[in-house]
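Visitor: Take 5 as the starting number for the sequence shown in this note's numbering and just add one per residue. Mind having a look at this structure? Questions to follow.
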Amino acid sequence: MEQHLKKRILGAFVTVVALAIAMPIVLDGSRSQIRLTSDMPAQPELGAWQPIENERRVRIDLEDLASGKTRADVELPSVRTVETDDPAALGSRGDRAAIDDQQKAYAWTVQLGAFKQRKNAHALRDSLRQKGYKAYVQEMNTDGLTRVYVGPELQRSKIEALQQQLKKELQQSDLHIKRFKAES
Numbered sequence: 005m006e007q008h009l010k011k012r013i014l015g016a017f018v019t020v021v022a023l024a025i026a027m028p029i030v031l032d033g034s035r036s037q038i039r040l041t042s043d044m045p046a047q048p049e050l051g052a053w054q055p056i057e058n059e060r061r062v063r064i065d066l067e068d069l070a071s072g073k074t075r076a077d078v079e080l081p082s083v084r085t086v087e088t089d090d091p092a093a094l095g096s097r098g099d100r101a102a103i104d105d106q107q108k109a110y111a112w113t114v115q116l117g118a119f120k121q122r123k124n125a126h127a128l129r130d131s132l133r134q135k136g137y138k139a140y141v142q143e144m145n146t147d148g149l150t151r152v153y154v155g156p157e158l159q160r161s162k163i164e165a166l167q168q169q170l171k172k173e174l175q176q177s178d179l180h181i182k183r184f185k186a187e188s
């Protein structure tokens with residue numbers, strides 16, 4: 005037999021077998037009536053009052069925002085500019101981490117500067133990150149300054165060494181250590 009004829013016979017055989025299996029399933033129709041059971045409860049009825057209440061709530065919020073009533077809720081906390089180094093924790097050595105009265109860990113950071121121009125602060129932060137430092141900025145609305153920090157470190161001795169390294173590298177003597185408090 006020719007190769008071409010063998011392929012045609014094999015194709016016809018596969019088609020007949022597929023039809024013999026599929027046709028009873030399709031023509032039977034009993035499989036389309038199978039219902040799936042679910043443990044999910046039915047959706048509760050929604051009252052007509054909800055959309056009106058939501059619209060009223062949005063209107064009240066917008067009025068409060070326009071009048072300045074909610075401005076205090078949105079204000080960021082003030083951050084002080086460091087003029088001198090913060091003192092170490094009482095009774096702690098510089099090579100160990102300490103915990104304060106509220107059971108929060110002391111962490112330290114170095115303030116490198118406070119900038120009026122936000123882009124200048126971000127440029128300094130980016131250049132410090134390229135050099136491998138953990139630099140970040142903090143923007144406060146109270147005085148309009150953007151502060152640049154490096155840190156935090158849990159050990160005072162590590163942040164003091166970092167402060168000296170940055171003083172040499174940046175040739176800047178007014179770098180101060182500040183206690184880092186995580187924002188919650």
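All C-beta atoms, glycine included, are put in the ideal place defined by N, C-alpha and C. As the structure is a computational prediction, the values presented were derived from the model and not from experiment.
My output table needs one value for L132: the three-state DSSP class, helix, strand or coil.
Guide: By one-based count along the sequence shown, residue 132 stands at place 128. Helix.
Visitor: DSSP three-state call for T41: helix, strand or coil?
Guide: Your numbering for residue 41 matches position 37 in the sequence shown. Three-state result, T41: coil.
Visitor: Looking at the unbroken alpha helix (DSSP H) that takes in Q7, where does it start and where does it end?
Guide: Walking along the sequence shown from the start, residue 7 turns up at place 3. Looking at the DSSP string, the run of the alpha helix (DSSP H) that includes Q7 is 7-32.
Visitor: Hey, could you find the ends of the alpha helix (DSSP H) Q47 is sitting in?
Guide: As a first step, residue 47 must be located in the sequence shown, where it is residue number 43. Here Q47 belongs to no alpha helix (DSSP H), and DSSP marks it neither H nor E.
Visitor: Give the single residue among Q115, T146, R151 whose Cα lies nearest to the Cα of K123.
Guide: On the sequence shown, residue 123 is found 119 positions in, with the first residue counted as 1. Selected option, being the one with the closest Cα: R151.
Visitor: Beta-carbon within less than 6 Å of T113's beta-carbon, same chain only, minus the 5 sequence neighbours each way: which residues are those?
Guide: Start at 1 with the first residue of the sequence shown, and residue 113 comes out as number 109. Only Y153, G155, P156, K182, F184 meet the Cβ criterion.
Visitor: Let me confirm a value: L116 is counted as buried when at least 16 other C-beta atoms fall within 10 Å, else exposed. Which label applies?
Guide: In the sequence shown, residue 116 corresponds to position 112, counting from 1. Buried.
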